[in-house]
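Mapping of the sequence shown onto my numbering: residues 192 to 646, in sequence order. Working notes, structure below.
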Amino acid sequence: MIDINTLWNDTKIKLSARLQAISYEVWIEKLEPICFIGHTLVLQTGSQSSKNTIVKNYRETILEAVKEVNPIISDVKIIIESEKADCLKQQDYTLGDELVVKKVEKSDDAGFSFNKKYTFSNFVVGKSNELAFAAAQAVSEHPGGRFNPLFIYGGVGLGKTHLMHAIGNYINAKFPQKRIMYITTDKYIADYVESIRDSKTSVAFREKYRSVDVLMIDDIQFIASKQGTQEALFHTFNDLYQNDKHIIISSDRPPKEIAPLEERLRTRFQWGLLADIQPPDIETRIAILKKKADAENFYLSDDVASFIASNMENNIRDLEGLLNKVMFYSQLSGQPASLAIAKEALSGYIETKKEHFDAYDVLSTTCKYFGVSENDVIGKKKNKEFVEPRMIAIYLICDMLSVPLVSIGGIFGGRDHATIIHARDKISDLISSNNGASQKLKIQINDIKDMLYKR
Ligand code: ADP
Ligand code: MG
Numbered sequence: 192m193i194d195i196n197t198l199w200n201d202t203k204i205k206l207s208a209r210l211q212a213i214s215y216e217v218w219i220e221k222l223e224p225i226c227f228i229g230h231t232l233v234l235q236t237g238s239q240s241s242k243n244t245i246v247k248n249y250r251e252t253i254l255e256a257v258k259e260v261n262p263i264i265s266d267v268k269i270i271i272e273s274e275k276a277d278c279l280k281q282q283d284y285t286l287g288d289e290l291v292v293k294k295v296e297k298s299d300d301a302g303f304s305f306n307k308k309y310t311f312s313n314f315v316v317g318k319s320n321e322l323a324f325a326a327a328q329a330v331s332e333h334p335g336g337r338f339n340p341l342f343i344y345g346g347v348g349l350g351k352t353h354l355m356h357a358i359g360n361y362i363n364a365k366f367p368q369k370r371i372m373y374i375t376t377d378k379y380i381a382d383y384v385e386s387i388r389d390s391k392t393s394v395a396f397r398e399k400y401r402s403v404d405v406l407m408i409d410d411i412q413f414i415a416s417k418q419g420t421q422e423a424l425f426h427t428f429n430d431l432y433q434n435d436k437h438i439i440i441s442s443d444r445p446p447k448e449i450a451p452l453e454e455r456l457r458t459r460f461q462w463g464l465l466a467d468i469q470p471p472d473i474e475t476r477i478a479i480l481k482k483k484a485d486a487e488n489f490y491l492s493d494d495v496a497s498f499i500a501s502n503m504e505n506n507i508r509d510l511e512g513l514l515n516k517v518m519f520y521s522q523l524s525g526q527p528a529s530l531a532i533a534k535e536a537l538s539g540y541i542e543t544k545k546e547h548f549d550a551y552d553v554l555s556t557t558c559k560y561f562g563v564s565e566n567d568v569i570g571k572k573k574n575k576e577f578v579e580p581r582m583i584a585i586y587l588i589c590d591m592l593s594v595p596l597v598s599i600g601g602i603f604g605g606r607d608h609a610t611i612i613h614a615r616d617k618i619s620d621l622i623s624s625n626n627g628a629s630q631k632l633k634i635q636i637n638d639i640k641d642m643l644y645k646r
């Protein structure tokens, strides 16, 4: 177990360099490390008024310094004597072990092996990610060439790490002599912290990173507020860039939104190409599901794929999670993955999601989409321009919401449940007929779903 005192002493060294001598002496010097609660370091001071001052003026600085010493610490709590007993009761004995693991973990990144599942051919390309994909391929063909640095940004679970591994796999295969290093920003920070122990480790750190042909740093947003690491990265960046080595960075946000971030680093991030990845549209989501199911030798019908896809828009990892649930459920029940099985498998999830709109919203949105009035659609008129929206709205309500058929009949001018079933099945059959008409229908249905989700 690591000694909490060692951690605190290392932190104090940093703080003494950062704070005015007098502030350091009055507020920091006398703080006493007590214990860890979760990933929070608990420090004790002498009085309530000094606690107030420290919390107000120094807590952030203390936290920053502790995190630099060991990034696993996520918070700092300042207490006074009377709170000590309570804290000790909640203290976490296991954290000490974790700290040790973090500290001794060696960064053997040269032998890093990329995930073989994350390749370009496994990556489904759509409008939302085509720029990032093309750039990643271009860089893989000519490392050190155009688009340096390549800065890929986008929300969680949208394929940034996948693309980085794909680049790694590709370059490894095509240019086996090239040294590629992939590192998460957390690890880079930990490595930097480790490196500042003495001059020998410092030199080793710099050498390690400047000696590669391609450096990939994942999730760079975590470098915000890490002053020391930013400085180190600035030098790494310059070393590599000047030698035409490629730098590839990912982030959950564009450089301008990473804060605080040294300006000179921010501008460097923008020197090459900024490629964003947006949430995928429904066609791309369906294609991703099909590809994943194929890889598992699992038959996924169009309607089940589009059902799953319509329930997850912003995160491909979660989309895969839904598919896994459906596959698992179908295997467990020994039945093929019909729409009914899929709905059952995802019922818990979908119910919470569906609260955003009800059957009336589906009706009004469908009418709006086709430019017809609700009265005409729920009425008796048999003209095609009304019948089509009527059946589609009924189908969508059955497909997306769990509303009893009689209630749907009620909404549609008192039609009986057989009529509702007929409309639902007619559209469902048309969709799966796979001809020109079905294509058009699918697009219409997806558009209406999009409108509903974006309401
Ligand atoms: P991020 O790093 O952006 O958070 P990941 O790269 O970890 O996201 O992707 C999450 C999951 O989604 C991975 O399993 C990945 O294979 C998959 N994924 C993301 N985008 C695509 C895509 N375009 N085609 C196929 N799979 C994808
Ligand atoms: Mg990632």
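Note that CB positions come from ideal geometry on N, CA and C, so glycine has one too. This one's a predicted model, so the numbers in the text were calculated from it and none came from an experiment.
Using a Cβ-based criterion (distance less than 8 angstroms to any ligand heavy atom), does residue 441 qualify as near ligand 1? Numbered from its first residue, the sequence shown carries residue 441 at position 250. At least one heavy atom of ligand 1 is nearer than 8 angstroms to the Cβ of residue 441, so yes.
The alpha helix (DSSP H) enclosing residue 408, as first and last residue numbers: Translated into the one-based positions of the sequence shown, residue 408 becomes position 217. Segment 405-409 is the beta strand (DSSP E) holding residue 408; no alpha helix (DSSP H) there.
Residue 445 in three-state terms, based on DSSP: Here residue 445 corresponds to residue number 254 of the sequence shown, with the count starting at 1. Here residue 445 sits in coil by DSSP.
Which partner residues does residue 223 have in the DSSP bridge list? The sequence position of residue 223 within the sequence shown is 32, counting from 1. Residue 223 pairs with 235.
Helix, strand or coil, according to DSSP, for residue 415 in the structure here? Here the question's residue 415 lines up with position 224 in the sequence shown. It is coil, neither helix nor strand.
Measuring straight from C-alpha to C-alpha, what distance separates residue 426 and residue 384? Against the sequence shown, residue 426 aligns to sequence position 235. Against the sequence shown, residue 384 aligns to sequence position 193. Roughly 15 angstroms separates the two Cα atoms.
What does the shell around ligand 1 hold, if a residue joins when its beta-carbon is under 5 angstroms from any heavy atom? 314, 315, 347, 348, 349, 350, 351, 352, 353, 479, 507 and 508
Residue 422 versus residue 382: straight-line alpha-carbon distance, rounded: Counting from one through the sequence shown, the residue named residue 422 turns up at place 231. Counting from one through the sequence shown, the residue named residue 382 turns up at place 191. Whole-angstrom Cα-Cα distance: 13 angstroms.
Do you know offhand how far residue 353's Cα is from residue 314's? Your numbering for residue 353 matches position 162 in the sequence shown. Your numbering for residue 314 matches position 123 in the sequence shown. Whole-angstrom Cα-Cα distance: 8 angstroms.
Given the structure, does residue 410 come close to ligand 2, in the sense that its CB is under 8 angstroms from one of the ligand's heavy atoms? One-based indexing of the sequence shown puts residue 410 at position 219. At least one heavy atom of ligand 2 is nearer than 8 angstroms to the Cβ of residue 410, so yes.
Boundaries (first-last residue) of the alpha helix (DSSP H) holding residue 396: On the sequence shown, position 205 is the one that residue 396 refers to. Unbroken alpha helix (DSSP H) run through residue 396: 390-401.
Enumerate in chain order the residues of its own chain whose CB-to-CB distance from residue 341 is below 8 angstroms, with the five nearest sequence positions on each side excluded. Residue numbering aside, residue 341 sits at position 150 when the sequence shown is read from its first letter. The answer, listed in chain order, is 326, 327, 330, 437, 438, 439, 440, 463, 464 and 466.
So, are the CB atoms of residue 520 and residue 500 less than 9 angstroms apart? Counted from its first residue, the sequence shown places residue 520 at position 329. Counted from its first residue, the sequence shown places residue 500 at position 309. Cβ distance not < 9 angstroms, so residue 520 and residue 500 don't count as in contact.
How would you label residue 156, buried or exposed, when you count the other beta carbons within 10 angstroms and need 16 or more for buried? Residue numbering for the chain in the displayed model covers 192 to 646; residue 156 lies beyond these limits and cannot be assessed.
Note down, in chain order, each residue of its chain lying with its Cβ closer than 6 angstroms to the Cβ of residue 561, except the 5 sequence neighbours on either side. For this step, residue 561 is matched to residue 370 along the sequence shown. Same-chain partners within the cutoff: 580.
Excluding five sequence neighbours on each side, which residues of the same chain lie with their C-beta closer than 6 angstroms to the C-beta of residue 209? Mapped onto the sequence shown, residue 209 falls at position 18. If we look at residue 209 and ignore the five residues flanking it on each side, it has no Cβ neighbours.
Here's a check: name, in chain order, each residue in its chain whose Cβ is nearer than 6 angstroms to the Cβ of residue 643, leaving out the five neighbours to either side. Here residue 643 refers to the residue found at position 452 of the sequence shown. Here the set comprises 548 and 556.
Per DSSP, what kind of secondary structure is residue 596 in: helix, strand or coil? Taking the first residue of the sequence shown as 1, we reach residue 596 at position 405. It is helical.
By the three-class DSSP mapping on this structure, what secondary structure does residue 202 have? Residue 202 sits at position 11 when you count from the first residue of the sequence shown. Correct three-state label for residue 202: helix.
Using a Cβ-Cβ cut-off of 8 angstroms (strictly less than) and excluding sequence neighbours within five positions of residue 206, which residues of its own chain qualify? Residue 206 sits at position 15 when you count from the first residue of the sequence shown. Around residue 206: 215, 219, 252, 253 and 256.
Whole alpha helix (DSSP H) elements within the stretch 583-645, 4-residue minimum: 596-602, 608-623 and 627-645
Could you give the first and the last residue of the continuous beta strand (DSSP E) run that contains residue 467? Locating residue 467 in the sequence shown gives position 276, counting from the first residue. 464-468 is the extent of the beta strand (DSSP E) around residue 467.
Buried or exposed for residue 403, please, with buried defined as at least 16 other CB atoms from any protein chain shown within 10 angstroms of its CB. Locating residue 403 in the sequence shown gives position 212, where the first residue counts as 1. Burial call: buried.
Using the DSSP secondary-structure output, state which residues sit across from residue 341 in a beta bridge. Sequence index remark: in the sequence shown, residue 341 carries index 150 (1-based). Answer is 439 and 464.
Where does residue 143 fall in DSSP's three states? Within the shown structure, residues of the chain are numbered from 192 to 646, placing residue 143 beyond reach of any answer.
In this structure, how does DSSP classify residue 134 when only helix, strand and coil are distinguished? Outside the shown range of the chain (192 to 646) lies residue 134, about which nothing can therefore be said.
Across the stretch 626-636 and the stretch 566-577, are there enough close Cβ pairs to call them in contact, namely three or more that are closer than 8 angstroms? no
For residue 289, three-class secondary structure by DSSP: For this step, residue 289 is matched to residue 98 along the sequence shown. With a pLDDT of only 44 at residue 289, under the threshold of 50, the placement of this residue in the model should not be trusted; the figure read from the coordinates follows. The answer is helix: DSSP assigns residue 289 an H, G or I state.
Keeping to the same chain, check which residues put their C-beta closer than 6 angstroms to that of residue 497; ignore five residues upstream and five downstream. As a first step, residue 497 must be located in the sequence shown, where it is residue number 306. Counting only Cβ-Cβ distances below 6 angstroms, and skipping sequence neighbours, we find 477.
Apart from the five residues on each side of it in sequence, which residues of its chain come closer than 7 angstroms, Cβ to Cβ, to residue 489? Here residue 489 corresponds to residue number 298 of the sequence shown, with the count starting at 1. Answer for residue 489: 518, listed in chain order.
Mind checking who residue 362 pairs with in its DSSP beta bridge? By one-based count along the sequence shown, residue 362 stands at place 171. Answer is none; residue 362 lacks a bridge partner.
Where does residue 518 sit, in a helix, a strand or coil, going by DSSP? As a first step, residue 518 must be located in the sequence shown, where it is residue number 327. Helix.
Starting from the Cα of residue 618, find the closest Cα among 419, 586, 379 and 603 and give me that residue. As a first step, residue 618 must be located in the sequence shown, where it is residue number 427. Among 419, 586, 379 and 603, the Cα nearest to that of residue 618 belongs to 586.
Beta carbon of residue 529, beta carbon of residue 495: below 9 angstroms? Here residue 529 is taken as the residue at index 338 of the sequence shown, counted from 1. Here residue 495 is taken as the residue at index 304 of the sequence shown, counted from 1. Yes, the pair counts as a contact, with Cβ atoms nearer than the cut-off.
Helix, strand or coil at residue 371 [DSSP, three-state]: The count along the sequence shown starts at 1 and reaches residue 371 at position 180. Of the three classes helix, strand and coil, the one that applies to residue 371 here is strand, per DSSP.
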